[in-house]
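Okay, so here's the structure we're looking at.
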Amino acid sequence: MAGLITRFAPSPTGPLHLGHAFSALTAWDLARAEGGQCLLRIEDIDTARSKPAFEAQIQNDLRWLGLSWPEPVMRQSTRRAAHDAALARLQALGVTYRCTCTRGDIRAALSAPQEGAPLIGPDGPVYPGTCRHAGHADPAAAIRLDMARATALTGTIRFTETGPLHPGPHQFAPDFLTTHVGDIVLARRDIGTSYHLAVTVDDAAQGVTLVTRGADLFDATAIHVLLQRLLSLPTPAYHHHRLIRDEAGKRLAKRDESRALSLYRAEGATPTDIRRMVGL
Numbered sequence: 011m012a013g014l015i016t017r018f019a020p021s022p023t024g025p026l027h028l029g030h031a032f033s034a035l036t037a038w039d040l041a042r043a044e045g046g047q048c049l050l051r052i053e054d055i056d057t058a059r060s061k062p063a064f065e066a067q068i069q070n071d072l073r074w075l076g077l078s079w080p081e082p083v084m085r086q087s088t089r090r091a092a093h094d095a096a097l098a099r100l101q102a103l104g105v106t107y108r109c110t111c112t113r114g115d116i117r118a119a120l121s122a123p124q125e126g127a128p129l130i131g132p133d134g135p136v137y138p139g140t141c142r143h144a145g146h147a148d149p150a151a152a153i154r155l156d157m158a159r160a161t162a163l164t165g166t167i168r169f170t171e172t173g174p175l176h177p178g179p180h181q182f183a184p185d186f187l188t189t190h191v192g193d194i195v196l197a198r199r200d201i202g203t204s205y206h207l208a209v210t211v212d213d214a215a216q217g218v219t220l221v222t223r224g225a226d227l228f229d230a231t232a233i234h235v236l237l238q239r240l241l242s243l244p245t246p247a248y249h250h251h252r253l254i255r256d257e258a259g260k261r262l263a264k265r266d267e268s269r270a271l272s273l274y275r276a277e278g279a280t281p282t283d284i285r286r287m288v289g290l
């Protein structure tokens with residue numbers, strides 16, 4: 011873990027809540043324990059929902075918690091050229107295709123009687139491959155990863171998990187990825203890239219050696235490691251932490267403003283209080 015670099019990467023689409031505080035503090039504590047660095051990255055590829063006011067509030071809340079980070083802060087919205095270059099490389103490998111299916115089309119295909127119950131992957135129901143061999147050329151269509159072709163190039167993929175929930179080495183064989191993950195979206199017209207592609211490219215660009223994030227993203231790790239292999243990028247270690255949940259057991263969401271850090275601050279809470287509330 012020497013020279014550890016990790017990151018906290020929020021989207022500026024709402025205020026930080028207790029779950030965000032736990033994730034940021036976990037990354038910060040891991041970096042401090044190893045004499046490493048915790049970076050801040052603003053994941054604002056969804057420009058329609060991302061707001062400068064939320065970004066300013068995020069940084070204000072994090073500084074109040076006692077966190078600091080190297081400047082300048084990376085913003086994914088400025089990384090379009092790098093994301094496009096990675097997408098072009100995948101296209102050159104022959105592992106992508108264009109897809110014109112709407113969400114309604116996919117639901118209809120998966121609900122056909124002969125299909126049975128749809129498998130659920132990291133992005134929801136596994137895409138049935140309707141457009142895989144259609145040869146669409148519409149530049150406005152989404153771009154999907156052909157998982158079968160991709161895994162034929164990579165074979166079994168592996169990564170190491172240091173988090174408390176799934177510690178140790180993990181591996182995913184091509185058959186599992188094809189069946190249980192499927193042909194995930196790499197780029198959409200409205201955003202230009204996907205979370206999966208952007209986070210993979212940007213973690214590598216920042217030299218991240220330990221990806222720290224919530225347990226809800228554990229299943230997506232196989233996608234990111236696969237993309238790393240295809241793009242000849244290094245594979246970091248991963249640390250997936252528990253989620254902070256409400257009294258009903260549901261994980262916190264940005265719409266649940268009653269747990270917003272700004273509200274606790276206004277009520278006189280201290281950073282020590284926040285640490286206690288999230289179990290640190």
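Each residue of the sequence shown is one higher than the one before, counting from 11 in our numbering.
Positions of the beta carbon are idealized from the N, C-alpha and C atoms, including for glycine.
Predicted, not measured: the structure shown is a model, and the values here were computed from it.
Taking 8 Å as the cut-off, the Cβ atoms of residue 136 and residue 192 count as close. Residue 69 sits in a helix when the DSSP states are folded into three classes.
Residues of the same chain with a CB within less than 7 Å of the CB of residue 99, apart from the 5 flanking positions on each side, are 241 in chain order.
A distance below 8 Å separates the beta carbons of residue 249 and residue 220. Burial check for residue 53: the Cβ neighbour count within 10 Å reaches 16 or more, so the residue is buried. For residue 248, the beta-bridge partners assigned by DSSP are 171, 221. For residue 89, there is no enclosing beta strand (DSSP E), as DSSP gives it neither H nor E. Taking a C-beta distance under 8 Å as the contact criterion, residue 152 and residue 85 do not qualify as a contact pair. Under the Cβ criterion (8 Å, minimum of three pairs), the stretch 207-218 does not count as touching the stretch 180-190. Beyond the five residues adjoining it in sequence on each side, residue 148 comes within less than 8 Å, by CB distance, of 108, 110 in the same chain, given in chain order. The beta carbon of residue 272 lies closer than 7 Å to those of 25, 67, 71 in the same chain, with the five residues before and after it left out. Measuring C-alpha to C-alpha distances from residue 101 to each of 17, 159, 35 identifies 159 as the nearest.
Annotation for residue 114: the continuous alpha helix (DSSP H) segment containing it runs 113-120. If you draw a straight line from the Cα of residue 178 to the Cα of residue 232, it comes to about 14 Å. In the displayed model, residue 135 falls within a strand according to three-state DSSP. Residue environment analysis places residue 139 among the buried positions, since at least 16 neighbouring C-beta atoms fall within 10 angstroms of its C-beta.
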